[in-house]
Amino acid sequence: MQLKTLRGLQIKNKTEKILIKMAPIKILVCGSVDGHFSKFFKRIASINKKNGPFEMVLCVGNFFSANPQCVENWKQFLLSKTKVEIPVYILGPTLKQHEVFYSKEKLKDGEELFENILYLGKKGGFTTASGLTLAYLSGIEQSNNSLQADVSSLNDQLIRDDKFIGVDILITSSWPQGVNKYTQSSLSSGNESPSISFLASSLKPRYHFSSHIEKFFERQPYRNHKVLRGSLQHVSRFIALAPSFNDTNEKSIYAFSIEPLSCISRDELIKQPPDTTEFPYDDIKLSTIENQKKEQFFFREDNKRKGDQKSQEQHKVPKGPPTLTSDCWFCLGSKDVEKHLVVSVGESTYMAVAKGAINDDHLLILPISHHNSTVVLPGDVRLELEKYKEGLRKMFNAEQKSLISFERNFYTQHLQLQVIGIPLDLCSEVKDTFLDLGQSVGMDFIEIPKEKDLSEMVAVTTPYFLVELSTGERLLHKVKGRMPLQFGREALTSPSLLNLPDRVDWKQCKLSVEEESKCANNLRKRFQPYDFNFD
């Protein structure tokens, strides 16, 4: 994902920077919740009522507790139907005892555990509808669990060119090593990580939040440049939150307002507060770079020796799936992809049975390589995706059904075009169903003119929901703030369409591997006469 830092307008072959002034975004950050779910959300609701509205809550500590009672507490909370008014984003597990809450359903990045409680994932970054750029990394660095590979992958994911100047917010489970340098503080979290220090030096967050300490700690801002050497850059602030409901009344919730990088003038951005210190991670940054150079040298030498041996044995290397550059459940080269669900594989896209499918006609069309939305698809990938849609359209027509497709580009890392066949007599109800349900949850739709491409309607960084009807009409919703993540399924399973109210949540529709394999085999047989790969 490329994080854009400026909005530009082409005028007479010259790019002029256009800054869109907007109201500051209000955010809450909290330390460990430790399983106190009901108390925590009552407190958040109270703060939001008095001082909100806040756009989001970021939990930078442990959301769950290692106490066995937490399992029962979580079950009771899920049954309570508590209304969570603000989206709450949580990091991954830091203890073995936490994994039961994450691994049971093989949670994917950006997935809801409960309405408006979202698991961010192991690592990643995203841009909110308001333009705020946020990066995150879960996990504690230990002797048997280095974060170095994750940091390297995250840097590659977010820093794509020399125009990158930083992110608005970074949240990490671990503290950065050396963060106290140039301060009077001797506080320590006990889990300081040199990898996190290197990440902070690369991403240059305006705010870096962490937890895992019994006290609140707010470091003085530090520079991201050397005085009198190089151009001025913005400052970074590191803040650690104490656990919620701690016995010493240490600060566990931090409220602040922020304007996105893309909306701030350079003069405003580079202001240096009087108490700003020097950059604290120089030594760690240099040490990390030196270690990486050594590892790259040995890696090259080892590969050279292996290559010399193989060159005598091999004359032609078969074409395989693309190399996975970051952890993703849907990249076909990933070790985590569930290949028994795959129905057909093309040159640049593939088709699979939807996990927890609504019915036997519910499939996904996905790019083989990592692309997060239709808007960013290369032309050849887009063309092949349309071939799959056309093949499915013919298959469904032969079965007296029509094709409906939708895409949710909101808290997803990999494009998943969801496709489903519905009976012909229901086609006239589809448009009104999506519009009416959208209105009831605050989602406004616009119809995309036939001559317009989606890329002309939304920017690369704009989250959206798109549904295409059997008539070819396309309804677009630009996400502002939040939307129900199961909206597409809710519409299709509603009484006016498929009338399958128990199929809204995919997790409640999961089948065994054997049953999923059987579904995939049946769809392969049905689709083969229409599969362009067999032409």
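So in full-length UniProt numbering, spot 149 of the sequence shown is number 149, and the numbers just go up one at a time.
Beta carbons: idealized from backbone N, C-alpha and C, even for Gly.
So, under 8 Å CB-CB, residue i and residue j are touching, yes? Tell me the CB distance rounded to an integer number of Å.
i           : j           : result
residue 417 : residue 429 : The pair is not a contact, with the Cβ atoms about 22 Å apart (cut-off 8 Å).
residue 437 : residue 491 : 5 Å
residue 174 : residue 147 : 7 Å
residue 176 : residue 281 : 7 Å
residue 392 : residue 497 : Between residue 497 and residue 392 the Cβ distance is about 18 Å, and since that is not below 8 Å, they are no contact.
residue 195 : residue 141 : 6 Å
residue 532 : residue 387 : 5 Å
residue 403 : residue 470 : 6 Å
residue 434 : residue 475 : 6 Å
residue 432 : residue 401 : With a Cβ gap of about 19 Å, residue 432 and residue 401 do not count as contacting.
Nearest to residue i by alpha carbon, out of the options?
i           : options            : result
residue 231 : 251, 266, 245      : 266
residue 91  : 128, 400, 171, 411 : 171
residue 374 : 359, 349, 61, 439  : 349
residue 261 : 164, 216, 457, 448 : 164
residue 343 : 184, 101, 122, 516 : 516
residue 202 : 286, 255, 427      : 286
residue 47  : 28, 34, 62         : 28
residue 127 : 518, 463, 489      : 463
residue 167 : 224, 274, 387, 510 : 224
residue 389 : 419, 378, 362, 368 : 419
residue 482 : 160, 474, 117, 402 : 117
residue 26  : 198, 513, 256      : 256
residue 413 : 111, 50, 53, 41    : 111
residue 181 : 432, 238, 253, 215 : 238
residue 76  : 37, 248, 380, 43   : 37
residue 87  : 504, 508, 507, 480 : 480
residue 114 : 94, 84, 132, 98    : 84
residue 235 : 23, 208, 213       : 208
residue 44  : 514, 244, 456, 279 : 244
residue 415 : 440, 132, 382, 442 : 382
residue 30  : 366, 41, 96        : 41
residue 421 : 130, 526, 159      : 526
residue 240 : 279, 190, 264, 226 : 190
residue 449 : 465, 472, 439, 509 : 472
residue 524 : 60, 340, 23        : 340
residue 273 : 233, 458, 49, 259  : 233
Where do the ends of the alpha helix (DSSP H) carrying residue i lie?
i           : result
residue 194 : 194 to 203
residue 519 : 513 to 527
residue 75  : 69 to 80
residue 388 : 379 to 398
residue 439 : 427 to 440
residue 491 : 487 to 492
From the DSSP output, which residues share a beta bridge with residue i?
i           : result
residue 257 : 26
residue 344 : 351
residue 337 : Looking at the DSSP assignment, residue 337 forms no beta bridge with any residue, so it has no partner.
residue 464 : 409, 478
residue 89  : 58, 118
residue 367 : 349
residue 129 : DSSP lists no partner for residue 129.
residue 273 : Bridge partners of residue 273: none, in fact.
residue 182 : DSSP lists no partner for residue 182.
residue 404 : 420
residue 532 : Residue 532 pairs with nothing; no bridge assigned.
residue 124 : 136
Taking 7 Å as the cut-off, decide whether the C-beta atoms of residue i and residue j are in contact.
i           : j           : result
residue 183 : residue 221 : no
residue 32  : residue 62  : yes
residue 120 : residue 102 : no
residue 520 : residue 353 : yes
residue 150 : residue 123 : yes
residue 528 : residue 504 : no
residue 80  : residue 34  : no
residue 250 : residue 216 : yes
residue 125 : residue 158 : yes
residue 441 : residue 484 : yes
residue 468 : residue 405 : yes
residue 509 : residue 356 : yes
residue 193 : residue 178 : no
From what residue to what residue does the beta strand (DSSP E) around residue i run?
i           : result
residue 238 : 235 to 240
residue 547 : Residue coverage of the chain in this structure runs from 1 to 535, which leaves residue 547 outside it and unanswerable.
residue 47  : From DSSP, residue 47 is part of no beta strand (DSSP E) but of the alpha helix (DSSP H) over 37 to 51.
residue 147 : Element bounds for residue 147: n/a, residue is neither H nor E.
residue 209 : 207 to 210
residue 170 : 169 to 172
residue 421 : 417 to 423
Kindly examine the ligand SAM and report whether one of its heavy atoms sits closer than 6 Å to the Cβ of residue i.
i           : result
residue 138 : In the structure on display, the ligand SAM does not appear, and there are no ligands present to speak of.
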